[in-house]
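Heads up, the sequence shown is in UniProt numbering, so the first residue is 1 and it goes up one at a time. Just so it is clear, CB atoms sit at the ideal spot from N, CA and C, and this is done for glycine as well. Let me begin by presenting the structure, written as structure tokens, before commenting on it.
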Amino acid sequence: MTTAAVTISPADDGFHIRWADLAPFIALAVIVLFGALVNANFLSSANLINVITRSAFVAIIAVGATFVISSGGLDLSVGSMMAFVTGIMIMVMNHLAPSYGAWAIPMGAGVALVVGSLCGLFNGLIVTVGRIEPFIVTLGTMGIFRAFITFMTDGGSLPIDRSLREAYRPVYFGSFFGIPYPVLITFVVVLLGAFLLYKTKYGRRLTSAGSNVEVARFSGVNVAAVRTIAYVIQGFCVAVAAICYVPRLGAATPTTGQLWELQVITAVVIGGTLLRGGRGRIGGTVAGALILEVIANVMVLSDMVSEYLVAAVQGAIIIIAMLAHRFTANR
1 MTTAAVTISP ADDGFHIRWA DLAPFIALAV IVLFGALVNA NFLSSANLIN
51 VITRSAFVAI IAVGATFVIS SGGLDLSVGS MMAFVTGIMI MVMNHLAPSY
101 GAWAIPMGAG VALVVGSLCG LFNGLIVTVG RIEPFIVTLG TMGIFRAFIT
151 FMTDGGSLPI DRSLREAYRP VYFGSFFGIP YPVLITFVVV LLGAFLLYKT
201 KYGRRLTSAG SNVEVARFSG VNVAAVRTIA YVIQGFCVAV AAICYVPRLG
251 AATPTTGQLW ELQVITAVVI GGTLLRGGRG RIGGTVAGAL ILEVIANVMV
301 LSDMVSEYLV AAVQGAIIII AMLAHRFTAN R
């Protein structure tokens, strides 16, 4: 038992600075410099605030994905789950608005957090108890959640009640000392996620489960429980992102969150977390989310590449990131 405990302890590196930790931030700095050279308006305060705010949603969800991927899992359903949770939240708020007025907003948000966590629990239990590959499970639930929101909206849109729009707008458009609320919420999620992953017993068990399942089990780690909780955290983060996202468009549609799973996984991977599991890098994940949004913004501001190719560029980035991981692992 002593040998096993010593074996897995290096997996918990804490905040030690290594090349893998710095690489995403260096890449972000290079891309920002390139954006400034391409268009002088890139570094304007309005544009930078817009970029950071737009990246908040993917960053929040990607924090949850860091837990799932670090545990050796994968969640392809986050985009569809986002749409489903958004639809449920709006339906609840619209139903409660006539009786409770603006209080319907926090009540709807509370329901969203519960629904998101339950969706994550559903994914986690099927993966761990059912012993089915995460790719297959979440591919299936991705279709289920997307079908539910399409049914709920009847293929159209589900708008938030007019009486709630003005009261809800500040959650996305408001700021505190110039810092948009979605950015502040992202900061809180990142801090809590980093504390949970790096400074708690659960975080150490998660890392050991993702690094070596057999050693973790031999050390007394309940791998199934650890991985299930990771999916619950993922669902909770999806709900937090949905709460911030709703006032931006004011409605839920069948296309809400479409392809976000690609952005989320890409952010985690280019942030330095390996898809096979192990040590998660939450700081790198946030940098990865910013990189994706900065690239999209540069593509819009310049005429070098069509903005319709953003998804293609993101797909290329995740392939390059995986090749980089493989290259560094073999050195």
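Identify the residues that DSSP records as bridge partners of residue i: which are they?
i, result
"Leu158", "Ala252"
"Ile179", "Phe176"
Any idea if residue i is buried or exposed, counting beta-carbon neighbours within 10 angstroms, 16 or more meaning buried?
i, result
"Leu28", "buried"
"Asp303", "exposed"
"Arg146", "buried"
"Gly35", "buried"
"Gly220", "exposed"
"Thr128", "buried"
"Asp75", "buried"
"Leu151", "For the sequence presented, residue 151 should be read as Phe rather than Leu. Result: exposed."
"Glu214", "exposed"
"Phe195", "exposed"
"Arg165", "exposed"
"Ile26", "exposed"
"Asn41", "exposed"
"Ser55", "buried"
"Trp260", "buried"
"Tyr308", "exposed"
"Thr200", "exposed"
"Leu122", "Just to set this straight, residue 122 is Phe in the shown sequence, not Leu. Result: buried."
"Val298", "buried"
"Pro182", "buried"
"Gln314", "buried"
"residue 362", "Only positions 1 to 331 of the chain appear in this structure, which leaves residue 362 out of reach."
"Leu274", "buried"
"Ser306", "exposed"
"Pro247", "buried"
"Arg281", "buried"
"Glu293", "buried"
"Ile319", "exposed"
"Gly155", "exposed"
"Val30", "exposed"
"Arg227", "buried"
"Ala312", "exposed"
"Leu197", "buried"
"Leu191", "exposed"
"Arg279", "buried"
Classify residue i as helix, strand or coil using the three-state DSSP reduction.
i, result
"Ser80", "helix"
"residue 332", "Lying outside 1 to 331, the shown extent of the chain, residue 332 is not represented and no answer is given."
"Gln263", "helix"
"Val300", "helix"
"Ile132", "coil"
"Leu192", "helix"
"Ile319", "helix"
"Asp75", "coil"
"Val58", "helix"
"Ser44", "coil"
"Thr273", "coil"
"Val38", "helix"
"Gln314", "helix"
"Ser70", "helix"
"residue 338", "In this structure the chain extends from 1 to 331, so residue 338 is not present and cannot be described."
"Asn94", "helix"
"Ala324", "helix"
"Gly257", "coil"
"Asn50", "helix"
"Val223", "helix"
"Asn212", "coil"
"Gly101", "helix"
"Val305", "coil"
"Arg169", "coil"
"Arg281", "coil"
"Asp13", "Note that Asp13 has pLDDT 45, beneath the 50 cutoff, so the model's placement of it is unreliable and the number below is only indicative. Three-state DSSP puts Asp13 in coil, outside helix and strand."
"Thr200", "coil"
Three-pair Cβ contact test at 8 Å for the segment 282-297 versus the segment 80-92: No: fewer than three Cβ pairs fall under 8 Å.
Stretch pair the segment 251-258 + the segment 84-100: three plus CB contacts closer than 8 Å: Contact between the segment 251-258 and the segment 84-100 is present: 3 or more CB-CB pairs across the two stretches fall below 8 Å.
At least three beta-carbon pairs within less than 8 Å, the segment 182-189 to the segment 197-213: The segment 182-189 vs the segment 197-213: no contact.
Inter-stretch contact at 8 Å, needing at least 3 Cβ pairs: the segment 108-117 / the segment 236-248: Counting Cβ pairs under 8 Å, three or more are found: they touch.
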